Structures are given as structure tokens and as C-alpha cells.
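Here is the structure we will look at, set down as C-alpha cells.
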Amino acid sequence: MEWSQPETRGDYLAPRAGHSSVTVNGNWYIIGGGDNKSGACETLVLDMTKLVWSAVATVNPRDPLASEGISICSALIHGDIFLIAFGGYSGRYNNEVFVMRPKLKDSIRPKIYQSPAAAAAAASVSAAYSLSSGKQLETIKVEQTDTDGQKGMLESSLTEVRAENSMLKGKIDDTNSTHVELAKELESVQGQLIAERSRCFSLEAQIVRFQGMLEHLPAVETELKSLREQKSSFEQAVEEHDTRVQRQASGGVWQWFSGE
Numbered sequence: 001m002e003w004s005q006p007e008t009r010g011d012y013l014a015p016r017a018g019h020s021s022v023t024v025n026g027n028w029y030i031i032g033g034g035d036n037k038s039g040a041c042e043t044l045v046l047d048m049t050k051l052v053w054s055a056v057a058t059v060n061p062r063d064p065l066a067s068e069g070i071s072i073c074s075a076l077i078h079g080d081i082f083l084i085a086f087g088g089y090s091g092r093y094n095n096e097v098f099v100m101r102p103k104l105k106d107s108i109r110p111k112i113y114q115s116p117a118a119a120a121a122a123a124s125v126s127a128a129y130s131l132s133s134g135k136q137l138e139t140i141k142v143e144q145t146d147t148d149g150q151k152g153m154l155e156s157s158l159t160e161v162r163a164e165n166s167m168l169k170g171k172i173d174d175t176n177s178t179h180v181e182l183a184k185e186l187e188s189v190q191g192q193l194i195a196e197r198s199r200c201f202s203l204e205a206q207i208v209r210f211q212g213m214l215e216h217l218p219a220v221e222t223e224l225k226s227l228r229e230q231k232s233s234f235e236q237a238v239e240e241h242d243t244r245v246q247r248q249a250s251g252g253v254w255q256w257f258s259g260e
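Sequential numbering of the sequence shown, starting at 1, is according to full-length UniProt numbering.
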């Protein structure tokens, strides 16, 4: 046994990985997946009898149906076949359930013709896929109930987070207000510090001037001592002179009285 590569026709197929697929009545449905740039937006179907590709649905690149790792299956419900998709990852994990009812006309494209080689290659392709409708539907309902419960829990958590964010925002506003007040106070203190520095510079200049004066103090003291000595000598000389004058004056009077 070996693989062969039959020729296919139809709509352009963008390369993708991480997709999911299921066969229904000779049609092969492919959803999800993507490349390094974005998710695969088209839901593709291959008519396995004609090997013709068709895009039966298109979503935006961030839609859960364009997710990688999405699951798909078919189910027979009340006599009708449905495609059921769930999960996947497209930047976030998804838990939505999507249902699609395939129609035969989705795979009919009159302008596309099959080649004999393609028909020969497709002759060996067959698939059979069936599920119990009642059991499958019940499973879907249970999963949907679980999903709703998880959604409620997430919404409750989201409400708590929003309340906490609001409280934190109030604290941040208070902190910012306190910061503004402290900045003003710091600016005032810095102004006072500048004034004190100017005053200190003035005092330092005076100290330098006084130190210069003190350096000359010994010479001044020596000169003052010399002047004091000169003054003392001068006073002593004056005193001696006064004493001699008084003696001379006193002796002259007594001589006049004695007739000498």
C-alpha cells in the first residue's frame, strides 16, 4: 500500500495547521487551524466524489471557528445531520459551542468540472461516520450547562476584580495627591536650603576675613606693647620732671624768706 496525490479543483486553499475535520455523506468538512499570521477563516468542504473544494462559510480571523485545536463532529438529530464544533485557541481558550446544518448545495459548483484522473482517484475514497443522536444531544446539553456555570463563575470573578481595581484606583489617586503635596513641601524646603547655603557662604567669607585679621594680631600686640612701654617711659620722665620743678620752686621760696 502507498499514498497517492489526486488532483483537486475548486476554491483556493490557504495552508493551515491545527485544523479539525469530519466527513458527512461523501463531503469532507474542515474548520479552524491557521498559520503563523492568523487563523483560517474559511470552513472548507471537499466533495470526495468529484474532488472539488468549496468554502461554505467565512468568519473573521479572531473568531473561535478560526481557532487552532478546535474539535468538530457530526450528529444525527431528529433525522437531520448537524456539524458541532467546540473549543480551540485563538489568543484565548474558547468554550463556545457552534452548530451548522450542512446542505448538499454547499458543495455544488457548476463551473468546476472533474477530470477523469480525479474521478478515478476518488473512486477509492469512502467514509462512514455516525453517532447516536439522543446520547450526543444529551452530552451537548450537559457540556453547555457546565459551560454556563463556568461562565457565571468567571463573571462573578470579573466583578470582584473590577471592584478591586476600583479600590486600587482610589488608593492610587490618594497616593498621587499625597505625592503632589510632598513635592510642594520639598520645593519649599529646597528654597529654604538655598537661602541657608547663601547665608553660610556669607558667614564663611566673614570667618576668612576675621582669620586674616587674627593672623596680624601678634604684630599688633607687639606694637601695642611697645607703645605701652614708650607711654610708661614718657609718663615716668614727665613725673621726674614735675618733681624737679616742684623742688626747685619750693627751694626758691625758702631762700627768699631767709634773705639768702
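Glycine included, C-beta positions come from ideal geometry on N, C-alpha and C. Owing to the predicted nature of the structure, the values given are computational and were not obtained by experimental measurement.
Cα-Cα separation, residue i to residue j
| i | j | result |
| --- | --- | --- |
| residue 30 | residue 19 | 7 angstroms |
| residue 87 | residue 61 | 15 angstroms |
| residue 35 | residue 54 | 20 angstroms |
| residue 94 | residue 169 | 30 angstroms |
| residue 58 | residue 167 | 43 angstroms |
| residue 80 | residue 101 | 8 angstroms |
| residue 214 | residue 221 | 11 angstroms |
| residue 40 | residue 27 | 19 angstroms |
| residue 186 | residue 198 | 18 angstroms |
| residue 159 | residue 176 | 26 angstroms |
| residue 49 | residue 56 | 17 angstroms |
| residue 153 | residue 161 | 12 angstroms |
| residue 112 | residue 5 | Confidence at residue 112 is low in this model, with a pLDDT of 34, below 50, so its placement is unreliable and no value can be given for it. |
| residue 44 | residue 7 | 17 angstroms |
| residue 272 | residue 163 | No answer is possible for residue 272: the residues shown for the chain start at 1 and end at 260. |
Those residues which DSSP pairs with residue i across a bridge
| i | result |
| --- | --- |
| residue 80 | 77 |
| residue 55 | 44 |
| residue 93 | 89 |
| residue 98 | 85 |
| residue 9 | 52 |
| residue 27 | 24 and 47 |
As assigned by DSSP and simplified to three states, the class of residue i
| i | result |
| --- | --- |
| residue 68 | strand |
| residue 179 | helix |
| residue 19 | strand |
| residue 167 | helix |
| residue 34 | strand |
| residue 39 | strand |
| residue 266 | The question about residue 266 has no answer here: the residues shown for the chain are numbered 1 through 260. |
| residue 195 | helix |
| residue 122 | For residue 122, the pLDDT reaches just 40, beneath the cut-off of 50, and the residue's location in the model is therefore unreliable, although a value from the coordinates is still provided. Correct three-state label for residue 122: helix. |
| residue 4 | coil |
| residue 63 | coil |
| residue 14 | coil |
| residue 231 | helix |
| residue 184 | helix |
| residue 103 | coil |
Minimum C-alpha distance to residue i - residue among the options
| i | options | result |
| --- | --- | --- |
| residue 96 | 217, 103 and 72 | 72 |
| residue 13 | 199, 219, 32 and 190 | 32 |
| residue 46 | 68, 103 and 37 | 103 |
| residue 11 | 142, 22, 1 and 42 | 42 |
| residue 24 | 75, 65, 56 and 51 | 75 |
| residue 82 | 194, 148, 98 and 232 | 98 |
| residue 69 | 78, 91, 51 and 138 | 91 |
| residue 38 | 63, 51 and 151 | 63 |
CB contact below 8 angstroms: residue i versus chain C
| i | result |
| --- | --- |
| residue 181 | As a matter of chain content, chain C is missing from the structure shown, which is built from one protein chain. |
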